[in-house]
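Working notes, beginning with the structure itself.
Protein chains: 4
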Amino acid sequence: MADLNAVKQALREQRIETPSWAFGNSGTRFKVFAQAGVPRTPEEKIADAATVHRFTGVAPSVALHIPWDKVADYAKLSAFAADSGIRLGAINTNVFQDDDYKLGSVTNPDPAVRRKATDHLLEAVDIMDQTGSRDLKLWFSDGLNYPGQDDLRTRQDRLAAALREAYDRLGDDQRIVLEYKLFEPAFYATDVPDWGTSYAHCVELGPKATVCIDTGHHAPGTNIEFIVAFLLRQGKLGAFDFNSRFYADDDLMAGAADPFQLFRIMYEIVRADALNPAYGINFMLDQCHNIEAKIPAIIRSVMNVQEATAKALLVDRDALFAAQAAGDVLEANSVLMDAYNTDVRPLLREVREDAGLDPDPIAAYKRSGYQEKIVADRVGGQQAGWGA
Amino acid sequence: MADLNAVKQALREQRIETPSWAFGNSGTRFKVFAQAGVPRTPEEKIADAATVHRFTGVAPSVALHIPWDKVADYAKLSAFAADSGIRLGAINTNVFQDDDYKLGSVTNPDPAVRRKATDHLLEAVDIMDQTGSRDLKLWFSDGLNYPGQDDLRTRQDRLAAALREAYDRLGDDQRIVLEYKLFEPAFYATDVPDWGTSYAHCVELGPKATVCIDTGHHAPGTNIEFIVAFLLRQGKLGAFDFNSRFYADDDLMAGAADPFQLFRIMYEIVRADALNPAYGINFMLDQCHNIEAKIPAIIRSVMNVQEATAKALLVDRDALFAAQAAGDVLEANSVLMDAYNTDVRPLLREVREDAGLDPDPIAAYKRSGYQEKIVADRVGGQQAGWGA
Amino acid sequence: MADLNAVKQALREQRIETPSWAFGNSGTRFKVFAQAGVPRTPEEKIADAATVHRFTGVAPSVALHIPWDKVADYAKLSAFAADSGIRLGAINTNVFQDDDYKLGSVTNPDPAVRRKATDHLLEAVDIMDQTGSRDLKLWFSDGLNYPGQDDLRTRQDRLAAALREAYDRLGDDQRIVLEYKLFEPAFYATDVPDWGTSYAHCVELGPKATVCIDTGHHAPGTNIEFIVAFLLRQGKLGAFDFNSRFYADDDLMAGAADPFQLFRIMYEIVRADALNPAYGINFMLDQCHNIEAKIPAIIRSVMNVQEATAKALLVDRDALFAAQAAGDVLEANSVLMDAYNTDVRPLLREVREDAGLDPDPIAAYKRSGYQEKIVADRVGGQQAGWGA
Amino acid sequence: MADLNAVKQALREQRIETPSWAFGNSGTRFKVFAQAGVPRTPEEKIADAATVHRFTGVAPSVALHIPWDKVADYAKLSAFAADSGIRLGAINTNVFQDDDYKLGSVTNPDPAVRRKATDHLLEAVDIMDQTGSRDLKLWFSDGLNYPGQDDLRTRQDRLAAALREAYDRLGDDQRIVLEYKLFEPAFYATDVPDWGTSYAHCVELGPKATVCIDTGHHAPGTNIEFIVAFLLRQGKLGAFDFNSRFYADDDLMAGAADPFQLFRIMYEIVRADALNPAYGINFMLDQCHNIEAKIPAIIRSVMNVQEATAKALLVDRDALFAAQAAGDVLEANSVLMDAYNTDVRPLLREVREDAGLDPDPIAAYKRSGYQEKIVADRVGGQQAGWGA
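Below, the structure is given as structure tokens:
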């Protein structure tokens, strides 16, 4: 049996990073449904992120997205975050929204566009120096819509060159986390389509480059926990973008579409003793709350990750390893499922109470009046969004 | 052997409808890259559609999308189209972009929203009366993002009620073509997700309701030509939205992603003698030209459909049926592939020359100066787009 | 809140049918790993099925597969089943294993093969007359491996003719349940590939024909609970073949791959008041236990279905409908998830104890000595399998 | 424009390896349909492979599968092949059909099974020493059917250890080609599921380990030509297993399901100047001819690869690179499609005639009487098959 005190301590120490952009408006190519109370400035996003942390206790950092969160003074923004009770986390680059990037950023056939895109990566490291961020999160939407549109191999050369420049600019305590994605917005070929591509580049770059797994970025049928286990073994798993999906990159709340999968992923983390923040994985959310209220959706997502983690921690690993060693398929599966089938909500309520939090973060948030306040206060101005 | 004269005649008589919105800007949730020269008004879209027809000779109608193509006087718009050398085709409804439709249109839990959405369908039939259009094209983005969000079955009741109202409003020569789509923008459940759902509703509605197949709206691995053959057998295939995809609803140029699939689809059409306009199928394009020039992309798409059709017409059906009857798998496949492997571009050049057209529509378009003219003329104003 | 007594009663009355062939050997094209103690005769399969019922209390019938379960005297077999404590259930036809069926059975281009296959369907109804079975379960592996191999549309005509003959042969209390499957063993086109095809044929046949949903037979991303809800609304859902899958038709234990999906399916059943045997749905298992012990795997599968059902019954439908009507996405999802996240194993232990059963069927089975006995007794002879 | 003489020379020098097992019976888990004339011995398989080479001129080697092709004297078998006009190619290992391998071979929890499996790999290198084969082709069916069944990470350790032993046993001119496969026969997790896993192991092993791409072993939507281009860039593409699929690992004739994809793959090969045998890629077929005649199906597959290659060679690379550099999406796509849309059959007929072959290999094979002869001669004995 898992040691309950150790489980509770691990749950108390768990850390989940929220994404600033998830507090803003988002949608599909068909429609962005604006919501009342949505933040208009980086500071308002940080205030929302701090609110999520206030009610969950496990979300003490917020990832920024440049230029969506561009400010004149990042040190000041950092101080604002600290005053709000959280800190600034990963810096996400954006090399997909300028008109120049129609045919790609760092892999664009035009060297001037590549230069511009690479300079943006370097600028992001400058920002990291000011925010004290560790992680430079790189996602390239670069790719092709049509066979023949550009040369697949040459684009890899261009990608490698840009990554190298960014890597060489990193400080001692900084690193690249390189995301991959099967498709969208490119619809024929994507330049970093899968974990293998990201991994191969990271290996070539060096120890400060690691892979970021966005759980919604895989082909149908991909076993994500296998990738987790494999990258952990190779020492190359740097970060998660948690969200969930039924079809493509749906960006639903983590754990909403397939809670069993999230549990299996967290089990591999626990099994590798990689849950603790000291291990170095950045467990981020990356979601779109297109039709549901944003702050409670993010609270709910944090709770879903916590529940999956609690179940993973409850796995009786001695019994599991024994059944596995004995080749007892049904028993081994049964041990794992026993943990999954446990209702861990009471345990998490305890963990929260121990930490001086309300055991029911959603109810507490609703009672807090925060939502009513932001709806009343945030009138006028330009609501944050993707700016697409 | 196929009779070459009959093949050429069939190709001359083929009709493909272009979509007004494909001439406007489009993109993904990440970015819409605007293009110079894009139309700003329904009239400018019609002018572009007429240009496609001028160079291809087989695209004499253009589908409208309401409200994107809303005008005060549809009879006047119809006359404008006629003066431009084409006619107005299917009327597409839009019940997905008003803020009211966040949780659905005709299946929304709120009866007032359902009323509003259904009224829009009825209004579209009013427009059809004025434009002389035959086809009311219905696509509902309605669906759910999360399990439990709404009741799957009740939504079908609501859908049936709205469809019935619209159906009963149809004139004698009008009909509903009901589109289906697996997902997007709904990411858990869509209310008309597959051909079976559309078919079942159409059967219940009556003879004036038929299914519209959008070639990009299926689950991975779906055999689309089977659906074509099946619906033809049931007398329920009303229309196509042609486009192509590698992943989801990518909306690439028809024939670009899988030309062999397009050929197999067209073979089922030819085999059922359903190519001729008299049969009643509306062969439409429905595409997004996010990164490529729009008018040549649409010309190219028309040509791709023509090439697939020419190959389908060239299938030696006597030889094919004989090999099929004999159970000769390799020979039957070989007969089909012989047609597919034929280079039909010379034949289509002939067909065009016989019709007094330039044999190379793309080159002729480039030489025509039309692109330069619209880029120069269409300055200022609001470029057409999806308005998302 | 759901009424706990009603929930327990519903669980007590639930019925799941086991498949005779799941007790025999099975495997992949790469290897069938034989297991000790596997039955050699229909009687031994029935004994195993009765054992599953003895420990679960909810599996009182066993489906037969002809010719794998062919016997000289079906009345005698029926009596044997009754003596064992169960009854004979659905009769499954097999028109895929004779050499004649290489290119199809009822859709074969050769009329003699079609005749033979159709006669087998009629023979199965004869058997049903003797076994007292209600359901003629039809699965056709018929399809094509190569484009052009045979005519898609003509094969539908042949299929319809055979179905009509079988339908007309049915007695008053008998019915057809028509299964569909995306692919395998046909690798290009399958003649009944999806629910729409099965549904359309069943509608044409009449009220005694209904659709059978095998949960493993869909394209990736298919929303199965939607199909369940839709067919229930149309009055055309006749049966389930439960199993689970990560990739294709993996035939894993029900609930093993995606327990959340199974819950969502069972919720639609409960919501339509279709769980009760009187409603008429045959809830069957159809699985392959390639590497795990067969009887405990089937017991486990039954328990998984029970757990999903218990959770579905626990959904607070008043609260759910209220949240849905209010358009409260998060609350509606939350109500559903509350039920899913409940640990229902204690409840099911109670239900079993109330019924005089051991609360832990797997442990009870292990203690019973049955496994040791069949391993010792069933030596020599020909182990049952698929005979491929 | 491509230089036609260079194109023809490249086509003459192209080499495709046939698989011995494709001449034997194969099928699905549902049924293996035996065919008349199928070989019963390795020698008869070699005779059939030599026949394919005799009519195509580009298939001068045959891959063996141990133990399916186990013989007492491999030098003698090699001499037999040479006398038949071909040579022995890759040695394929089989660690999936012994009863011991139910839970895996080199990743089995039982060290004795791992030892046995690893010894088989070493034995295969012994055989290579005798046959003069360069390639040790490794495919591991190892994996899990159920979550928890075994430890994902530990299995990688075991895999790495076995690969290391085999690698260290290789002679100077020998190498490992490591295949990957998404699923089947394992239905939850496979130990080498994707190119990234194979690549990472190959990098760790060293220069004599390279990746083998089986075109049917990917998740839906995977862009295979991207993998080809990427591995070529990394110097780690060692071999292909060509076949085609619509759904899973369908093992249809190469080019049958998606001829456009095969063309795009071959274009990446040509673009990297990797077609020539001197480059070192082993272009193998790996197919199942379940319902079609085997030898003509293999001839047809060879021809399909040739046609895709011819089209790839015909791409006007200067024009393509120019359009790519200019960012002209439509023109670049058009240049590629011009080559694809060309009917290359006349060119290949010429190439064959230049080489003293019949221009129509299928017709020549049919006229040759070989099929009739093997049907008449190969009576009695045990037909070759997978022995599942």
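Protein chains in written order, with the working numbering: chain A, 1 to 388; chain B, 1001 to 1388; chain C, 2001 to 2388; chain D, 3001 to 3388.
Note that the Cβ used here is the ideal one computed from N, Cα and C, for glycine as well.
At a cut-off of 8 angstroms between C-beta atoms, B:GLU1268 counts as an interface residue with respect to chain C. Put simply, the CB of A:GLU292 is near chain C, with a gap under 8 angstroms to one of its CB atoms. Scanning the region 2251-2311 of chain C for uninterrupted beta strand (DSSP E) segments of 3 residues or longer gives 2282-2285, listed from N- to C-terminal end. One finds LEU3330 in chain D with Cβ atoms closer than 8 angstroms to the Cβ of B:ALA1297, taken in chain order. A:ASP129 is the residue among A:ASP129, A:PRO60, A:GLN383 and A:PRO39 whose C-alpha sits nearest the C-alpha of A:ASP73.
Taking a contact to require three or more Cβ pairs closer than 8 angstroms, the region 247-261 of chain A and the region 203-212 of chain A do not qualify as touching. Look at D:HIS3218 here: in three-state DSSP terms it is coil, with no helix or strand label. For C:ILE2046, the closest alpha carbon among the candidates C:GLY2104, C:GLY2132 and C:ARG2087 is that of C:ARG2087. For A:PHE240, the uninterrupted beta strand (DSSP E) run begins and ends at 237-242, by DSSP. Under the three-pair Cβ rule at 8 angstroms, the region 3154-3171 of chain D does not count as touching the region 343-360 of chain A. Contact annotation: in the region 2151-2167 of chain C, residues whose CB is within less than 7 angstroms of a CB in chain B are ASP2151, LEU2152, ARG2153 and GLN2156. When secondary structure is reduced to three states using DSSP, D:GLY3089 falls in the strand class.
For B:ASP1377, there is no enclosing beta strand (DSSP E); the enclosing alpha helix (DSSP H) covers residues 1370-1377. By the Cβ rule, the region 1312-1326 of chain B counts as touching the region 2149-2156 of chain C, because three or more pairs are nearer than 8 angstroms. Per DSSP, reduced to three states, the secondary structure at B:LYS1208 is coil, with no helix or strand assignment. Distances from the alpha-carbon of A:ASP241 to those of A:GLY235, A:VAL177 and A:ALA278 put A:VAL177 closest.
Sequence-distant partners of C:ALA2332 (beyond 5 residues in either direction) whose C-beta falls short of 7 angstroms from its own C-beta, in its chain, are LEU2320, ALA2323 and GLN2324. Beta-bridge analysis with DSSP links D:ARG3175 to D:ASP3135.
A:ARG300 is positioned such that its CB atom lies closer than 8 angstroms to that of A:ILE362. In the DSSP assignment, D:PRO3185 falls outside any alpha helix (DSSP H), carrying neither H nor E. Listed in chain order, the beta strand (DSSP E) runs fully inside the region 3021-3069 of chain D are 3061-3065, counting runs of at least 3 residues. For C:PRO2346, the enclosing alpha helix (DSSP H) stretches over residues 2345-2354. Residue nearest to C:ALA2256 within the set A:ASP273, A:VAL335 and A:ALA384 is A:VAL335 (criterion: CA-CA distance).
Look at D:ILE3016 here: in three-state DSSP terms it is coil, with no helix or strand label. For C:TYR2340, the uninterrupted alpha helix (DSSP H) segment begins and ends at 2329-2341.
In this structure, the straight-line span from the alpha carbon of C:ASP2003 to that of D:VAL3228 is close to 59 angstroms.
From the beta-carbon of D:ARG3345, the residues of chain B found nearer than 7 angstroms are ASN1341.
Taking the Cα of C:ALA2124 as reference, the smallest distance to any Cα among C:GLY2196, C:ASP2135 and C:SER2061 is reached at C:ASP2135. With its beta carbon less than 8 angstroms from one in chain A, B:LYS1031 belongs to the interface. For C:ARG2233, the nearest CB of chain B lies under 8 angstroms from its own CB, placing it at the interface with that chain. DSSP places D:GLY3148 in the coil class of the three-state scheme, outside both helix and strand. Taking the beta carbon of D:ARG3300 as reference, the chain B residues within 8 angstroms of it are LEU1330 and SER1334, listed in sequence order. In this structure, B:GLY1085 is the residue among B:ASP1173, B:CYS1202 and B:GLY1085 with its C-alpha nearest to the C-alpha of B:PHE1055.
For D:THR3197 and A:GLY196, the gap between their C-alpha atoms comes out near 7 angstroms. Residue pairing from DSSP places B:GLY1143 in a beta bridge opposite B:THR1190.
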